[in-house]
Amino acid sequence: MKNETNIKDIVVYVELENQELSQLSLQLISKANELTKVTGGEVSACLVSHQKVALPSLPECLAELKIFQLIQPRFFIANHYAQLIIAYLQETQPLLVLVGSTPIGKAMAPIIAVAFKTGLTADCTDLLIENQTIVQVRPAYGGNVLAEIVTKTTPKVCTIREHAFSENLVFTKSVTKKISYEVLNLETNVELLYQKPIKKAEKQQSRIKIIVGKGVKKKADLELIEKLSKKINGEILCSRGLVERGWFTPESQVGLSGKSLQGDIVITLGVSGSVQFCSGIKNCSCVIAVNNDPNARIFSVATYSFCSDLYEVVESFMKN
Ligand SMILES: Cc1cc2nc3c(=O)[nH]c(=O)nc-3n(C[C@H](O)[C@H](O)[C@H](O)COP(=O)(O)OP(=O)(O)OC[C@H]3O[C@@H](n4cnc5c(N)ncnc54)[C@H](O)[C@@H]3O)c2cc1C
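Its first residue numbered 794, the sequence shown is counted upward by one per residue in the numbering used here.
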């Protein structure tokens, strides 16, 4: 049993994308690595998979990757996944458990927290160490304040959204000694009758995002924005206002309750720049804002501000 003062390690629950650690998983490992430089502990990771995993390379900072390969059942059951992670956490006794805010992560994290009678902080945007204590930062009151939450019990469990952290990692080639494998058959009284195929959004390569807001008057006007996006090879995204109008699906929404962008060049057209919206573009390399209100909040975060009618700006751009 570890002495309470020796609890320094961090465990990251990771997920795979095409047999590689997902970007979000790498971002969590990177942050865990940064934190353990202060706590003095190690970073380990665990994952649950339904097929044999062959990872080519792992981040150098990872002390271990524990893989649970589930032969049966061959589909996700939150309780099964959580029980495996709980067993691993009982063995490793970490200070902190980081879980990505993915559908799997969000279903599992509360079960893990309940098992340890500990606190769970959902959708953290940052993690700090102050006076030897882990401080979990997350937006509160509709994103108008950033709450700093300290969980007094151990392990501290938190879920993290994609792009909250960058992935600053060094990878090693020879890693077999770091991977420990366990193959399992679990009993279940759940039978999978039908699985609805999910249409995966096509991965956009473009670093230019055109984000449209409620300043666009009619749905038909989006044709003009599409012409612009073809001309500059950009991807069209939107504010929540246009999801609420039913013009876009939630997958296209940028912001606190939508997606966060990182490193991209962003052009906002008719977006006011609410706190909730701006939290999704805070890590963009360049923000070009077009709004006809000189007092629009978006201008306070923009790299280049155009106080103009968006239709005039887009049309004159298309002519040139
Ligand atoms: C808990 C919570 C979570 C939220 N999460 C999100 C989120 O993830 N993403 C998000 O976007 N919002 C989110 N919101 C909603 C957010 O508060 C705003 O309501 C929303 O961002 C407003 O969208 P908008 O900027 O498109 O619309 P508006 O605020 O209505 O702004 C439209 C802008 O267009 C400008 N405009 C009008 N006509 C023109 C023209 N012809 N040319 C140029 N400019 C023009 C206006 O000056 C105005 O500034 C959230 C709210 C809450 C409470």
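We treat Cβ as the ideally placed atom computed from N, Cα and C, and that holds for glycine.
Predicted, not measured: the structure shown is a model, and the values here were computed from it.
Go through its chain and collect everything with a Cβ distance to residue i's Cβ below 6 Å, but skip five positions before and after it.
i            : result
residue 814  : 807
residue 1030 : 1002, 1004, 1045 and 1047
residue 1040 : 1012
residue 1057 : 1000, 1002 and 1077
residue 1079 : 1058 and 1096
residue 818  : 807 and 808
residue 859  : 839, 881 and 973
In three-state DSSP terms, what is residue i?
i            : result
residue 1078 : coil
residue 1095 : coil
residue 881  : helix
residue 978  : strand
residue 1086 : coil
residue 876  : helix
residue 893  : strand
residue 985  : coil
residue 1115 : Residue 1115 lies beyond the residue range present for the chain, which begins at 794 and ends at 1113; the question has no answer from this structure.
residue 1105 : helix
residue 915  : strand
residue 990  : coil
residue 1045 : helix
residue 797  : With a pLDDT of 49 at residue 797, under the threshold of 50, the modelled position of this residue cannot be trusted, and the question is left open.
residue 870  : coil
residue 852  : strand
How should residue i be labelled, buried or exposed, when 16 other C-beta atoms within 10 angstroms of its C-beta is the threshold for buried?
i            : result
residue 1087 : exposed
residue 1024 : exposed
residue 948  : buried
residue 934  : exposed
residue 873  : buried
residue 844  : exposed
residue 820  : buried
residue 974  : exposed
residue 1042 : exposed
By the DSSP assignment, the beta strand (DSSP E) with residue i in it spans what residues?
i            : result
residue 861  : 855–865
residue 931  : 926–933
residue 1037 : No beta strand (DSSP E) holds residue 1037; the alpha helix (DSSP H) holding it covers 1033–1037.
residue 837  : 836–842
residue 1061 : 1058–1062
residue 941  : 938–942
residue 952  : 949–953
If you follow the alpha helix (DSSP H) that residue i is in, where does it begin and where does it stop?
i            : result
residue 818  : 816–832
residue 1020 : 1015–1025
residue 1068 : 1068–1071
Who are the Cβ neighbours of residue i in its own chain at under 8 Å, not counting the five residues just before and after it?
i            : result
residue 1015 : 1005, 1009, 1029 and 1040
residue 911  : 944, 946, 947, 948, 949 and 950
Decide if the stretch 1001–1020 is in contact with the stretch 856–868; the criterion is three or more beta carbon pairs, one per stretch, under 8 Å apart. no
Count Cβ pairs between the stretch 880–900 and the stretch 908–923 that sit closer than 8 Å; are there 3 or more? yes
Pairing CB atoms from the stretch 970–978 with CB atoms from the stretch 1052–1068, are three or more of them under 8 Å? A contact is defined here as three or more CB-CB pairs under 8 Å, and the stretch 970–978 fails this definition with respect to the stretch 1052–1068.
Quick check: the stretch 894–911 against the stretch 950–958, are there 3 or more CB pairs under 8 Å? yes
Inter-stretch contact (C-beta, 8 Å, three-pair minimum) for the stretch 821–832 and the stretch 936–946: no
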